Amino acid sequence: MPISETAIAADRPLLSTRHLRAYYRGLVALHGIDLDVGAGEIVAVVGANGAGKSTLLRAIAGQVARSGEIMFDGIALANLPAYRICRLGIALVPEGRRLFPRLSVEDNLRLGAYARRGPERFRPLELVFELFPRLQERLTQRAELLSGGEQQMLAIGRALMTSPRLLMLDEPSQGLMPRLVDDIFAAITQIRARGVTVLIVEQRLAEALAIADRAYVVQTGRIVLQGSAREIAENAEVRRAYLGM
Amino acid sequence: MVERAGRALLSRRRRELLLGAVVLALLAALPLGVSGAYLRGLIVLALLYAGLSQAWNILGGYCGQISLGHALYFGIGAYTSALLFTRAGLSPFIGMFAGGLLSGLSAFLVGIPCFRLSGHYYAIATIVIGMMAALLASNWDFINAAQGITIPFHGEAWRNLQFRTAVLPFHYVMLVYAALMWLIAWVIEGSRWGFYWRAVKDDVTAARSLGVSIYPSKLAAAAISGAATGIGGALYAQYVGFIDPESAFDLSLSVLIALPAVVGGIGTLWGPLLGAAVLIPVQQLSVAWFGSAAGGIDLMVYGALIMVLALSRPEGLVSFFHGRARQEAVDHG
Chain A
1 MPISETAIAA
11 DRPLLSTRHL
21 RAYYRGLVAL
31 HGIDLDVGAG
41 EIVAVVGANG
51 AGKSTLLRAI
61 AGQVARSGEI
71 MFDGIALANL
81 PAYRICRLGI
91 ALVPEGRRLF
101 PRLSVEDNLR
111 LGAYARRGPE
121 RFRPLELVFE
131 LFPRLQERLT
141 QRAELLSGGE
151 QQMLAIGRAL
161 MTSPRLLMLD
171 EPSQGLMPRL
181 VDDIFAAITQ
191 IRARGVTVLI
201 VEQRLAEALA
211 IADRAYVVQT
221 GRIVLQGSAR
231 EIAENAEVRR
241 AYLGM
Chain B
1 MVERAGRALL
11 SRRRRELLLG
21 AVVLALLAAL
31 PLGVSGAYLR
41 GLIVLALLYA
51 GLSQAWNILG
61 GYCGQISLGH
71 ALYFGIGAYT
81 SALLFTRAGL
91 SPFIGMFAGG
101 LLSGLSAFLV
111 GIPCFRLSGH
121 YYAIATIVIG
131 MMAALLASNW
141 DFINAAQGIT
151 IPFHGEAWRN
161 LQFRTAVLPF
171 HYVMLVYAAL
181 MWLIAWVIEG
191 SRWGFYWRAV
201 KDDVTAARSL
211 GVSIYPSKLA
221 AAAISGAATG
231 IGGALYAQYV
241 GFIDPESAFD
251 LSLSVLIALP
261 AVVGGIGTLW
271 GPLLGAAVLI
281 PVQQLSVAWF
291 GSAAGGIDLM
301 VYGALIMVLA
311 LSRPEGLVSF
321 FHGRARQEAV
331 DHG
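In order, the protein sequence lines correspond to chains A and B. Under this note's numbering, the first residue of the first sequence is numbered 1, with each subsequent residue one higher. Under this note's numbering, the first residue of the second sequence is numbered 1, with each subsequent residue one higher.
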């Protein structure tokens, strides 16, 4: 039930899924998702808890069993393992950050860089330090000793170190103070300005829709609404019916 | 900025290497201050186990795959070298190389089915495979079955790695082995593989999402760890001059190989050496002092020490040295 058909930024989307089904603990968690993300866009996936938003990202990243079609820049991903998908240029910042707690900030970033070969692999470090200068001050500190905000910065920084073309963020604002949430969302906008396409799953709807170009609303594993972020944010009926705003 | 981060890492790594060189020099000079064949023999054993445990640490510590079947690789290394020496007259250096290669290959082959298991099931599988190997070795006539192999004395010479009159040469042989294992661990810590293994150990899902291919990573760790253990087995065979299935394939040996790393600090550069420096002398001395008394007192003393260490220092003996650094990090956080 789309409220409008919005043209995708590029003629051919960078990422597209068709009839994507995903399975979680033996149950069908996604029921045929059709989604497009154009190069250079920020696309938000919003919806209530348990709607299947995180499963959608994990299905694209190859971390859950799935069927259907997933195309990334002309390459079919549905049968590829997670590590190959990462090396193709898709990075996932998972829910809960999943840092390596006993490794230092530097080593966490280094791990991201090893997804690439050659001396150029450390080049994204400049962008990471520019976005999150605090990480540079904390280089030798163990990840488990960072504050929640710094951990989120490190999780995003680590993903950026893989030199992704598509950055997928799963609830980046989770557990953060409002001021830090603003910082993280500002950083996401800057990341897009550097040419990285962003697909974001978020429960903080106002903030997510404010930075996104387009959005999809997911309910019980199905897309029930799609359109420009502004249309979805401004439609009072839609907000009441689907988003509880 | 990139250069600065690189320099910081380099200086930390150089400090570790420098410390390694200092410890190596101290251990090389140790025989000057220790007299008596018994004490020197004890140090030789501690150095051997420091090397063996560091080899185990590559798979169990860095990669997080707890193997309780490393005696298999030790035994393959020991038997390969001993058989080549006794039956083909080949130098133990060739035997060591062949034994290491075979042990590495065995660890790789064991890993193919076993790394499809996860967590404790992998550890259980390695115990079972180790016990099967011990049983096979005890009944295989080609390798003298339960009787074992006595390595004939071909003359006191470095090329034979045989010294009947002095313990000192073996002090340096085992020191080179332990130092080599330490150096391998040092190289691994700074390499892509080392980072991959630590990622696999901490969080498989996060590792995958960073482009780490889990299964080949584990197989590579197993092969290197197995080969390094096999070389230690070959050295042991030349040192003791006799091997049998009980001394080369037993489950208790697998535990003894893993323990120094666990007690010293699992997945750390210095843990295996520290653990071996404490555990091997205590184990040997408790046998010497209490072994002839009522059955099992030596084992009780040894077990009690491990319990005390595990309870007081769950992160291993290395945490004695890390405690201050961590507190400073918290203070600045």
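We treat Cβ as the ideally placed atom computed from N, Cα and C, and that holds for glycine. Just so it is clear, the structure is predicted and the values come from calculations on it, not from any experiment.
Residue burial is scored here from C-beta neighbours: A/N108 has at least 16 other C-beta atoms within 10 angstroms and is therefore classed as buried. Here the C-alpha atom of B/A146 lies approximately 26 Å from the C-alpha atom of B/F163.
Annotation note: the stretch 81–109 of chain A contains the following uninterrupted beta strand (DSSP E) runs of length 3 or greater, listed N- to C-terminal: 90–93.
Of all residues in the stretch 59–72 of chain A, those with a C-beta nearer than 8 Å to a C-beta of chain B are A61, G62, Q63, reading in chain order. Beta-bridge partners of A/A22 (DSSP): A/L30, A/R66.
At a C-beta separation below 7 Å, B/V212 has these neighbours in chain A: Y83. If only complete runs of 3 or more residues are kept, the stretch 148–172 of chain A shows the beta strand (DSSP E) at 166–170, in order along the chain. A check of alpha carbon separations from A/Q63 across A/T55, A/I70, A/E69 identifies A/T55 as the nearest. In the displayed model, A/T197 falls within a strand according to three-state DSSP.
Among the residues of chain B, none has a CB under 8 Å from the CB of A/R165; the nearest is roughly 14 Å distant. Cβ contact annotation for B/I297 (same chain, cutoff 7 Å, sequence separation greater than five): F290, in chain order. Neighbours of B/A206 in chain A, taken as residues whose beta carbon is under 8 Å from its own, are P94, R98, L99, F100 in chain order.
Nearest CB-CB separation between B/A304 and chain A: not below the 8 Å threshold. Per DSSP, reduced to three states, the secondary structure at B/V167 is coil, with no helix or strand assignment. For A/Y114, the nearest beta carbon of chain B is closer than 8 Å to its own beta carbon. Counting the other CB atoms within 10 Å of its CB gives B/H171 a total of 16 or more, which places it among the buried residues. At least one beta carbon of chain A lies nearer than 8 Å to the beta carbon of B/Y196.
Across the structure, B/V240 and B/A222 are spaced so that their CA atoms are roughly 27 Å apart. For B/S209, the nearest beta carbon of chain A is closer than 8 Å to its own beta carbon. DSSP, reduced to helix, strand and coil, places B/F321 within a helical segment of the structure shown.
Identification of chain B residues near A/R134 by a Cβ-Cβ cut-off of 9 Å yields none; the smallest Cβ-Cβ distance measures about 11 Å. Collapsing the DSSP output to three states places A/Q219 in a strand. In the structure shown, the three-state DSSP call for B/R87 is helix. Ranked by how close their Cα comes to the Cα of A/L199, the residues A/G149, A/V43, A/C86 have A/V43 in first place.
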